[in-house]
Structures are given as structure tokens and as C-alpha cells.
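In terms of full-length UniProt numbering, the sequence shown opens at residue 1 and continues consecutively.
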Amino acid sequence: MLKVDNIHTYYGSIHALKGVSLEINEGEIVTLIGANGAGKSTTLMSISGVTRAKKGSVTFMGKDITKVSTDKIVAMGVTQVPEGRMIFPALTVEENLLMGSYLRKDKDVVVKDKRMVYELFPVLSERRKQHGGTLSGGEQQMLAIGRALMARPALLLLDEPSLGLAPIVVENIFEVIKKINSTGTTVLLVEQNAQMALAAADRAYVLATGEVIMEGTSEELLNDPKVRAAYLGEE
Numbered sequence: 001m002l003k004v005d006n007i008h009t010y011y012g013s014i015h016a017l018k019g020v021s022l023e024i025n026e027g028e029i030v031t032l033i034g035a036n037g038a039g040k041s042t043t044l045m046s047i048s049g050v051t052r053a054k055k056g057s058v059t060f061m062g063k064d065i066t067k068v069s070t071d072k073i074v075a076m077g078v079t080q081v082p083e084g085r086m087i088f089p090a091l092t093v094e095e096n097l098l099m100g101s102y103l104r105k106d107k108d109v110v111v112k113d114k115r116m117v118y119e120l121f122p123v124l125s126e127r128r129k130q131h132g133g134t135l136s137g138g139e140q141q142m143l144a145i146g147r148a149l150m151a152r153p154a155l156l157l158l159d160e161p162s163l164g165l166a167p168i169v170v171e172n173i174f175e176v177i178k179k180i181n182s183t184g185t186t187v188l189l190v191e192q193n194a195q196m197a198l199a200a201a202d203r204a205y206v207l208a209t210g211e212v213i214m215e216g217t218s219e220e221l222l223n224d225p226k227v228r229a230a231y232l233g234e235e
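Okay, structure coming up:
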């Protein structure tokens, strides 16, 4: 479904990604783990076109999207939930959700998808007329995910969905991620909570200073002593 081949991405003179390669198959949950500054978010932004890779290629469904504009990448079926949620605080919950469907013309199906989001996140249905800025952090994260789902993505990119949330809210978010995946949406997950990420994912890549240093099934990495010491807080 997605192939990232030897991409190099820069921020000015800073070489953020140094030849990252990874593959995602349809129906999987794949996670990227690593320390702060490892290049996890930059990898997502290079896939979605927010930050351009200077070298290498990104292929989605057999098409090279390395230089395709972000809105066209969304229209092709790749949607990103950014770190920090980035909802529209002055818009209501309902208006935020509808912003996620702005490229779609199938208005009847949009209504059904909105109902599906409310079923996934009942609290959003209760708060549909509230402004996004009045929601709690967990509710804003639910809204950000819901807004992304309104684009009907084939591939959902999630950047740090658990950041700053209470443990019980994090558990809820991860349950929803698994539910979204079970309905046919492929997920690429960037997450600092390596334990939760590996428990939810099928496969994982470990990034360090802009390079993939390990890859394998989630079970393999969960049982790897180096991963356990570096990312799971074990001696």
C-alpha cells in the first residue's frame, strides 16, 4: 500500500531524515517508535506532503506521491492527525468534523460517516454544538481523529495521539484506533508510549537520529532486550 524508499528530508541545513525506508501493507497497524527528535513526525509529514523529501520516493497504491500536493494526497486517501491535534477552536465540534470532508462530493455518505464518528466517540455527539476550544485534551484528540476519518482515508497517519492525556483516556484512544483498523483503515502510528504502540501494532520500526535502526513484528520488538531497555524503561 505504502512504500517509503530512502527518503532524505531537511529543515534548512538540518538533515532530519537520512535515508528512511519502510513499507506498510493494506490492513496493518504499523508504528514508528523512537526518542524525541528521532524523525518520527518528519517521516509522517514527508509522506503527507507537508514537508518535502529532497531525495528518495514515497509511493502510495503504486503511484509516486513524493511531489504531489498535500490536498491531492488527502484526496487519494492519506489523512494525517497532526501532533497537538490542531483542531479549529472557534468552530463547533460538528463544524470541525465537516471540515474533514471538504474534498468530498458524496454528501449523503458524509452524513453516514458523521454518524459513525459519533458512534465511535459518543462524547462528541453530546458536545456537537460546543466550540472545539472548550473541549478537554482527550476530547480534542477524539475530535482530531474524527475529523480525519471524515475524509474516508485508506491510510490514517496518527502523530502522538496519547500526548498529554490521562492513562484512562489513552486506553480509550487506542481501543478506538484498533476499532478503526478493524473496519478496513490502515494505520501508521507515531507514538512515544512505546508499550501501548507495540501492543496495538502488527509491525514496528525504530528510528534514531533520522534513520531506521530496527524493524520487526511488534512481538519481536517487545521481546528485544535493547528495545525494552531503551524505550520501555526496563533494565
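Here a beta-carbon is modelled for each residue, glycine too, at the ideal position from N, C-alpha and C.
In this structure, residue 49 lies away from residue 79, with their beta-carbon atoms at least 9 Å apart.
Between residue 45 and residue 154, the gap from beta carbon to beta carbon reaches 9 Å or more. Under DSSP, residue 203 shares a beta bridge with 30 and 217. In the structure shown, residue 21 falls within a strand segment according to DSSP collapsed to helix, strand and coil.
When the alpha-carbon of residue 14 is set against those of 39, 189 and 5, the nearest one is in 39. With 16 or more other Cβ atoms inside 10 Å of its own Cβ, residue 101 counts as buried.
Residue pairing by DSSP places residue 182 in no beta bridge whatsoever. Restricting attention to beta strand (DSSP E) runs no shorter than 3 residues, the stretch 42–98 encloses them at 53–60 and 78–81, ordered along the chain. Short of 8 Å from the beta carbon of residue 86, and not among the five residues preceding or following it, lie these beta carbons of its own chain, in chain order: 144.
The stretch 154–166 and the stretch 178–190 touch, with three or more beta-carbon pairs separated by less than 8 Å.
Between the stretch 19–36 and the stretch 200–213 there are three or more C-beta pairs closer than 8 Å, enough to call the two in contact.
Here residue 7 is near residue 53, since their CB atoms are less than 9 Å apart. Taking C-beta atoms as the reference points, residue 132 and residue 140 count as a pair closer than 9 Å. Residue 106 sits in coil when the DSSP states are folded into three classes, being neither helix nor strand.
Boundaries of the beta strand (DSSP E) harbouring residue 3: 2–11, taken from the DSSP string.
Residue 96 is classed as buried because its beta carbon has at least 16 other beta carbons within 10 Å across all chains shown. Per DSSP, residue 143 is not a residue of any beta strand (DSSP E); the alpha helix (DSSP H) it occupies stretches across 137–149. Here residue 136 is exposed, its C-beta having fewer than 16 other C-beta atoms within 10 Å.
No Cβ-Cβ contact shorter than 9 Å links residue 156 with residue 194. The three-state reading of DSSP puts residue 126 in helix, counting H, G and I together.
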